[in-house]
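Student: Residue numbers (our numbering): 2 to 506. The beta carbon of each residue, even a glycine, is placed where N, CA and C say it ideally should be. Submitted below is the structure of interest, expressed as structure tokens.
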């Protein structure tokens, strides 16, 4: 029985390392100073400082891990989570190597390699050199995994471990295929190697978060134009997902998300990070088509313009898949015309569920989190958690504004760590200056359920920052918030100060 992340003090406790909001190391991201515990595995210092690595170490210490031995050569922070012989999957955010409208990735889109390397070292220490470490993610459908892995320095980390330790740190692209796009429009697909352990179908049935809106499931829209595939997996008592066999076969999963805003869920941290354990993202509901009065959350209002747009887009989706080679020719001009007539999704126009009224994506995210915690390697849901979990959030350089794939860098200088994804995400939202009660992905994650994600209340979470010997409540932590700019579809709704103003009025 694995209940530690649900209700014990480790689950409720969150550690925060806070410092400089920049990265200063190069692959393979060796620590910038001698740490006594790493001498046992022969990890030496690199030629440059490594601020991100130090913040990971600080967050682990403040999370209360192996507290009595901190500062000694015997400190082994992940020993209570990772055991010798384990298969450990590290799940970073490797979503894409570029931003929608801005140059480069600016260190604010994907998990930085210095954070990944630090966690690899502490996992290896806990394994005692006996076990497996796999870095795995399913990036966005048009991402180049090779480019993302190069930016994150994964091959350099792997080479270091192979040459110095005789140990393999594997990294997998979990996608079975990627999309070919012209001006952001999907015109084809290319097969990939995929997960070497295959994929497992998991059906949550009546316990899915979509069960209460079954009457609206015919409106669900996934990641591609053809909704028939999605509807075949989300209807009636069928609410199923195609999950990575590597992830479900792991003894322990350590989430390494990037701290960012998100257009559909408000924030993306641990919980939203699990979109990357899927084998087919077109099985994932992203929004419901239509306006609110029609049962949809695609648009924020019922204006005539949005109704016309919905009709035009529906017609395009019916015709476009059948155009064959012409798709590459018409994709760009059609999208450009739509942008001129109906507005730009990246510049102030709310569509595709990119607003605080999205009633769909949070349900999908909560379903995925239940699967990670309770589904065994065969896809059967159990009454108790079946694998160990921990998280280390990279917020050294975070992302604000038009997240998750077009954010601006925010020099937050944060690494946040803990044993429960909900508790850590509550702390992250608060540190961003957001009210978790206005984020359904967090507020609803605290609800009673046969497969609970947490069995404590938000008031029980304690966040340990510098000088907070007894930990801070979320309310107290909010006083230290470094306000992030939300996605424009969430502005005026999710901010802590805005929520307080509404309460006072």
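Run through DSSP, which three-state label would residue 473 get?
Tutor: Taking the chain shown and counting its residues from 1, one reaches residue 473 at position 472. Looking at residue 473 - three-state DSSP - the assignment turns out to be strand.
Student: Select from 345, 432, 93 and 434 the residue whose C-alpha is nearest the C-alpha of residue 255.
Tutor: As a first step, residue 255 is located in the chain shown; it is residue number 254 there, counting from the start. Looking at the Cα atoms, 93 is the closest of the given residues.
Student: Could you name the residues of the same chain whose beta carbon sits closer than 8 Å to that of residue 465, not counting the 5 residues immediately before and after it, in chain order?
Tutor: Translated into the one-based positions of the chain shown, residue 465 becomes position 464. Same-chain partners within the cutoff: 14, 15, 16, 17, 63, 64, 65, 472 and 473.
Student: Using the Cα positions of residue 505 and residue 494, report the straight-line distance between them to the nearest angstrom.
Tutor: For this step, residue 505 is matched to residue 504 along the chain shown. For this step, residue 494 is matched to residue 493 along the chain shown. Here the model assigns residue 505 a pLDDT of 47, short of 50, so the residue's position is not dependable, and the following value carries that caveat. Computed Cα separation, rounded: 15 Å.
Student: Nearest to residue 440 by CA position, among 451, 491, 456 and 399, is which residue?
Tutor: As a working note, residue 440 is residue 439 in the chain shown. Considering only alpha carbons, the answer is 491.
Student: Smallest Cα separation from residue 183: which of 238, 143 and 152?
Tutor: Counted from its first residue, the chain shown places residue 183 at position 182. It is 143 whose Cα lies nearest to the Cα of residue 183.
Student: Kindly indicate which residue of 309, 284, 423 and 248 has the alpha-carbon position closest to the one of residue 89.
Tutor: Mapped onto the chain shown, residue 89 falls at position 88. The shortest Cα separation from residue 89 among 309, 284, 423 and 248 belongs to 248.
Student: Using alpha carbons as the reference points, say which of 132, 148, 178 and 180 lies closest to residue 171.
Tutor: For the purposes of this step, residue 171 is taken as residue 170 along the chain shown, with counting starting at 1. Considering only alpha carbons, the answer is 132.
Student: Hey, how far is the Cα of residue 454 from the Cα of residue 374?
Tutor: Within the chain shown, the letter at position 453 stands for residue 454. Within the chain shown, the letter at position 373 stands for residue 374. Looking at the backbone, the Cα of residue 454 and that of residue 374 are separated by about 8 Å.
Student: Nearest-angstrom Cα distance between residue 82 and residue 334?
Tutor: Taking the chain shown and counting its residues from 1, the one referred to as residue 82 is at position 81. Taking the chain shown and counting its residues from 1, the one referred to as residue 334 is at position 333. When rounded, the distance between both Cα atoms is 52 Å.
Student: What are the complete beta strand (DSSP E) segments, minimum 3 residues, inside the region 83-142?
Tutor: 88-93 and 133-138
Student: Give the DSSP-derived three-state secondary structure of residue 212 in the structure shown.
Tutor: Here residue 212 is taken as the residue at index 211 of the chain shown, counted from 1. In this structure, residue 212 counts as helix in the three-state DSSP scheme.
Student: Could you please give the first and the last residue of the uninterrupted alpha helix (DSSP H) stretch that includes residue 253?
Tutor: Along the chain shown, one-based indexing puts residue 253 at 252. Not the alpha helix (DSSP H): residue 253 falls in the beta strand (DSSP E), residues 253-257.
Student: Give the straight-line distance between the Cα atoms of residue 281 and residue 241, rounded to the nearest whole angstrom.
Tutor: Taking the chain shown and counting its residues from 1, the one referred to as residue 281 is at position 280. Taking the chain shown and counting its residues from 1, the one referred to as residue 241 is at position 240. Approximately 11 Å, taken between the alpha carbons.
Student: According to DSSP, residue 390 sits in a beta bridge with which residue or residues?
Tutor: Taking the chain shown and counting its residues from 1, one reaches residue 390 at position 389. Partner(s): 254.
Student: Are residue 392 and residue 422 touching if we call contact CB-CB under 9 Å?
Tutor: Residue 392 sits at position 391 when you count from the first residue of the chain shown. Residue 422 sits at position 421 when you count from the first residue of the chain shown. The answer is yes: Cβ separation under 9 Å.
Student: Per DSSP, what are the beta-bridge partners of residue 235 in this structure?
Tutor: Locating residue 235 in the chain shown gives position 234, counting from the first residue. Residue 235 is bridged to 240.
Student: Tell me whether the beta-carbon of residue 231 lies closer than 9 Å to the beta-carbon of residue 283.
Tutor: Locating residue 231 in the chain shown gives position 230, where the first residue counts as 1. Locating residue 283 in the chain shown gives position 282, where the first residue counts as 1. Yes, these two residues count as a Cβ contact at 9 Å.
Student: Measuring alpha carbon to alpha carbon, tell me which of 311, 287 and 285 ends up nearest residue 295.
Tutor: Working through the chain shown from its first residue, we reach residue 295 at position 294. The residue from 311, 287 and 285 with its alpha-carbon nearest to that of residue 295 is 311.
Student: My understanding is that residue 394 touches residue 258, with C-beta atoms under 8 Å, so please give their C-beta distance in whole angstroms.
Tutor: In the chain shown, the residue the question calls residue 394 occupies position 393. In the chain shown, the residue the question calls residue 258 occupies position 257. Indeed, because the Cβ distance is near 6 Å, the residues count as touching under 8 Å.
Student: Have a look at 260, 387, 354 and 414 and flag the residue whose alpha-carbon is nearest the alpha-carbon of residue 427.
Tutor: Stepping through the chain shown from its first residue, residue 427 is reached at position 426. Selected option, being the one with the closest Cα: 260.
Student: Expressed to the nearest angstrom, what Euclidean distance is found between the alpha-carbon atoms of residue 159 and residue 315?
Tutor: Within the chain shown, residue 159 is the residue found at index 158, counting from 1. Within the chain shown, residue 315 is the residue found at index 314, counting from 1. Rounded to the nearest angstrom, the two C-alpha atoms are 46 Å apart.
Student: With a threshold of 8 Å on Cβ separation, who are the neighbours of residue 103 within its own chain once the five nearest residues in sequence on each side are excluded?
Tutor: One-based indexing of the chain shown puts residue 103 at position 102. Excluding positions up to five away in sequence, the list reads 407 and 409.
Student: Which two residues bound the contiguous beta strand (DSSP E) that contains residue 410?
Tutor: Numbered from its first residue, the chain shown carries residue 410 at position 409. Counted as a single uninterrupted DSSP element, the beta strand (DSSP E) harbouring residue 410 occupies residues 409-411.
Student: So, under 8 Å CB-CB, residue 134 and residue 123 are touching, yes? Tell me the CB distance rounded to an integer number of Å.
Tutor: Counting from one through the chain shown, the residue named residue 134 turns up at place 133. Counting from one through the chain shown, the residue named residue 123 turns up at place 122. The Cβ separation is near 11 Å, so there is no contact.
Student: Along the alpha helix (DSSP H) that carries residue 153, what are the first and last residues, could you check?
Tutor: Counting from 1 along the chain shown, the entry for residue 153 is found at position 152. It spans 146-153 - the alpha helix (DSSP H) in which residue 153 sits, taken as one unbroken run.
Student: Does the Cβ-Cβ distance between residue 222 and residue 286 come in under 9 Å?
Tutor: By 1-based counting over the chain shown, the position of residue 222 is 221. By 1-based counting over the chain shown, the position of residue 286 is 285. Yes; because the gap between Cβ atoms is below 9 Å, this pair is in contact.
Student: Please state whether DSSP places residue 187 in a helix, a strand or coil.
Tutor: Start at 1 with the first residue of the chain shown, and residue 187 comes out as number 186. Strand, per DSSP.
Student: Measuring alpha carbon to alpha carbon, tell me which of 99, 212, 357 and 377 ends up nearest residue 267.
Tutor: Here the question's residue 267 lines up with position 266 in the chain shown. Nearest option by C-alpha distance: 357.
Student: Cβ of residue 272 within 9 Å of Cβ of residue 137?
Tutor: The residue given as residue 272 occupies position 271 in the chain shown. The residue given as residue 137 occupies position 136 in the chain shown. Contact flag unset, no.
Student: Please state the DSSP three-state secondary structure of residue 384.
Tutor: As a first step, residue 384 must be located in the chain shown, where it is residue number 383. Residue 384: coil per DSSP, three-state reduction.
Student: Report yes if the CB atom of residue 425 is closer than 9 Å to the CB atom of residue 270, and no otherwise.
Tutor: Within the chain shown, residue 425 is the residue found at index 424, counting from 1. Within the chain shown, residue 270 is the residue found at index 269, counting from 1. Yes, the pair counts as a contact, with Cβ atoms nearer than the cut-off.
Student: To the nearest angstrom, report how far apart residue 301 and residue 263 are at their CA atoms.
Tutor: On the chain shown, residue 301 is found 300 positions in, with the first residue counted as 1. On the chain shown, residue 263 is found 262 positions in, with the first residue counted as 1. So the alpha carbons of these two residues sit roughly 16 Å apart.
Student: First and last residue of the alpha helix (DSSP H) that includes residue 305?
Tutor: Residue mapping note: residue 305 aligns to position 304 of the chain shown, counting from 1. Where residue 305 is concerned, the enclosing alpha helix (DSSP H) stretches over 305-320.
Student: Looking at the strands, I want to know which residues DSSP matches up with residue 263.
Tutor: Working through the chain shown from its first residue, we reach residue 263 at position 262. Beta-bridge pairing links residue 263 to 267.
Student: Am I right that residue 482 and residue 443 are in contact with their C-beta atoms under 8 Å? What's the rounded C-beta distance?
Tutor: Taking the first residue of the chain shown as 1, we reach residue 482 at position 481. Taking the first residue of the chain shown as 1, we reach residue 443 at position 442. Not really, about 15 Å apart at Cβ, beyond 8 Å.
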